[in-house]
Amino acid sequence: MTLRTEPFVINFGPFHPSSHGVFRIRFTLDGEVVVDAEPVFGYLHRGIEKLAEERTYTGVIPLTDRLDYISSMNNNLGYVLAVEKLAGITVPERAQYLRVILAELQRVAAHLISVGAFINECGAFFTPFLYMFREREKIVDLLEMVSGQRLLYNFMRVGGFNQDIPEEFLPAARKIIAKLPAHIDEYDRLLMENEVLLARTKGVGILPKETAISIGAAGPVLRGCGVNWDIRKADPYCVYDRMQFDIPTGTVGDCYDRYRVRVEEMRQSVRIVKQALEALPGGPVKAANVPQILRPPVGEAYARIEAPKGELGFYLVSDGGIAPYRCHIRAPSLINLSALRDMVIGWKLQDAVVTFGSIDITMGEVDR
Amino acid sequence: MTVTLSGNDLARTIGARLPQAVVEANDRWVLVRRESIAQFANFLKNTPELSFDYLNYVTAVDYHDYFELVYQFTALKDNRQVVVKTRCPRNDATVPSITPVYRGADLQEREVFDLMGIKFEGHPNLKRIFLWEGFQGYPLRKDYL
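Heads up: the sequence lines are chains A and B, in that order. Quick note, in my numbering, the first sequence goes up one by one and the last residue is 379. Quick note, in my numbering, the second sequence goes up one by one and the last residue is 1161.
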């Protein structure tokens, strides 16, 4: 006998422990099975693109902190690269190496949060999360050492940095980087072969390669499907072309693959930081000819970086004034969500939560 | 290193198949007549020697007299990119949607509609994305204070 059921609508979020901020999904369910999912955005919309039009080029940097607020260094980097491209500024080598070091440390910190939160979603409530926060804390300490801030660094400047790193940074960074691989191995031992984790993530929320490309997915979501595409290799910026590292990719594009890719990326980031620390040259950290009030020539520029969540790009238009005429932000978190509906339909609600967690979004960047 | 395909080359390749689609071309971008943008996108994606399969972003800029839409496409397999633009007048802010060709444009076109007030014809679900239904005005326009 078949039981007659009727679809019904529930709201997931906007305030929910698994919604990664203020995000709402209107799920239409048939029993436990998702038949439709409509994401609802805008709860954290602050109008950053409009605000940027009223600030000086330097004044926009703190706004970029508030995009993907768990990887502010990367946001800073993407933005200053765009301004430098627009204004034709060359950055001294030391600053370029420092940017790589800071961006990669930040990537590890961001991936630790995303992996930790993802394991949370799978039901291992807060124990692995706190293990990962232990390591993230040390990285945040390092970033605090250079910038004085723990979350929103506002540290990079057009042309380099305003101040050099303190003396104690390099030994502290070496020490932490030396220990990180052992910690990542520890998580692997705890989680990689864990039966519950495998059961909850293997084969769940599969995103086919073709769909991932057609929606413009980026970062671990795209690489989890087996697409070898990383801006650091494909279109290198700073000194990434001098670094030796691999691009981990998945095979089928399920939640497990995306999780694996993030864990592997942490290892690769550690490799990059090691090389950059060794090769770090001396010299100035800021280009000499950057004026206090920047007026880039009339024109437009698009610069992009591989942020922890994917291709983060800034499209800037200058009218020759002191503020950007237009500042568009290509936010990977928003675009990666395009496939959410495809990935969760037909799965049970609890799998939808895991799948959503595996996309790894930050609402600051989705809503801007 | 990503190679940016010259707008002139692109205009030659596609111009042969879509006469009158291209308004202007230089080495950085190609400006397409707005009626042709969806067809143009279709050619970009489905012509074998081009095969731009990946849409990087869609955005719009308000230049007072007209709106300019900017699209960037990438061909992942050989790492080439191209920038395509189109324009629409302020009093008739309508552009064909490329969402049927590039699904990634879905949320981004909704964003442009929401904040810049450009209507995308043929978009499957064109409604406000960040602001609420019933919000008056389009904040990213230059005349919105």
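Glycine included, every Cβ here is placed at the ideal spot set by N, Cα and C. All figures in this text were calculated on a predicted structure; none of them were measured in a lab.
Shorter than 8 Å from the beta carbon of residue i to some beta carbon of chain B?
i, result
"A:Leu348", "yes"
"A:Ala245", "yes"
"A:His339", "yes"
"A:Val238", "yes"
"A:Asp265", "no"
"A:Asp378", "yes"
"A:Leu345", "yes"
So for residue i, helix, strand or coil by DSSP?
i, result
"A:Glu104", "helix"
"A:Asn22", "strand"
"B:Pro1112", "strand"
"A:Ile217", "coil"
"A:Lys244", "helix"
"A:Ile130", "helix"
"B:Glu1040", "strand"
"A:Asp41", "strand"
"A:Met167", "strand"
"A:Pro139", "helix"
"A:Ala90", "Note on residue identity: the sequence assigns Tyr, not Ala, to residue 90 of chain A. A:Tyr90 falls in the helix class under three-state DSSP."
"B:Leu1161", "coil"
"A:Pro231", "helix"
"A:Leu348", "helix"
"A:Val157", "helix"
"B:Leu1142", "coil"
"A:Phe256", "coil"
Tell me the residue span of the beta strand (DSSP E) that contains residue i.
i, result
"B:Thr1075", "Tyr1070 to Asp1078"
"A:Ala339", "First, the amino acid is wrong: residue 339 of chain A is His here, not Ala. Its beta strand (DSSP E) spans residues Arg337 to Arg341."
"A:Lys297", "Looking at the DSSP string, A:Lys297 is not in any beta strand (DSSP E), and its letter there is neither H nor E."
"B:Tyr1087", "Tyr1082 to Ala1091"
"B:Glu1137", "Lys1135 to Glu1137"
"B:Val1046", "Trp1045 to Val1048"
What are the boundary residues of the alpha helix (DSSP H) that includes residue i?
i, result
"A:Ile188", "Phe180 to Tyr198"
"B:Asp1122", "Ala1121 to Met1132"
"A:Leu327", "Element bounds for A:Leu327: not the alpha helix (DSSP H) but the beta strand (DSSP E), Gly321 to Ser329."
"A:Leu62", "Ile59 to Ala63"
"B:Pro1064", "That residue, B:Pro1064, is in no alpha helix (DSSP H); it is neither H nor E in DSSP."
"A:Val238", "Run containing A:Val238: none; DSSP gives neither H nor E here."
"B:Tyr1154", "Neither: B:Tyr1154 is in no alpha helix (DSSP H) and is coded neither H nor E."
"A:Glu9", "What the structure shows of chain A is the stretch from 12 to 379, and residue 9 of chain A is not part of that stretch, so it cannot be assessed."
"A:Gln361", "Leu360 to Ile370"
"A:Arg271", "Cys266 to Ala290"
"A:Ile72", "Ile72 to Asp76"
"A:Ala210", "Glu206 to Thr212"
If you measure from the beta carbon of residue i to each beta carbon in chain A, is any gap under 8 Å?
i, result
"B:Tyr1118", "yes"
"B:Ile1053", "no"
"B:Gln1152", "no"
"B:Thr1018", "yes"
"B:Phe1146", "yes"
"B:Thr1110", "no"
"B:Val1086", "yes"
"B:Leu1123", "yes"
"B:Asn1042", "no"
"B:Tyr1070", "yes"
"B:Tyr1073", "yes"
"B:Leu1034", "no"
"B:Leu1156", "yes"
"B:Val1077", "yes"
I'd like to confirm the pairing. Which residues does DSSP put opposite residue i in its beta bridges?
i, result
"A:Gly310", "A:Ser329"
"A:Ala318", "A:Gly321"
"B:Cys1104", "B:Phe1083"
"B:Thr1020", "B:Gln1097"
"A:Pro50", "A:Ile36"
"A:Phe144", "DSSP output for A:Phe144 lists no bridge partner at all."
"B:Phe1059", "Note: B:Phe1059 sits in no beta bridge, so no partner."
Proximal residues, the stretch 1090-1102 of chain B versus chain A, C-beta separation under 7 Å = Leu1092 and Asn1095
What residues from the stretch 41-72 of chain A come within 7 Å of chain B, judged by C-beta to C-beta, listed N to C?
-> Phe52, Gly53, His56, Gly58, Glu60 and Lys61
Any residues in the stretch 1054-1068 of chain B with a beta carbon nearer than 7 Å to a beta carbon of chain A? Which ones, in chain order?
-> none
Determine which residues of the stretch 305-333 of chain A have a Cβ less than 9 Å from any Cβ of chain B, and write them out in chain order.
-> Glu311, Tyr313, Arg315, Glu322, Gly324, Tyr326 and Val328
Using a beta-carbon distance cut-off of less than 7 Å, what residues from the stretch 220-233 of chain A approach chain B?
-> Ile224, Ser225, Ile226 and Gly227
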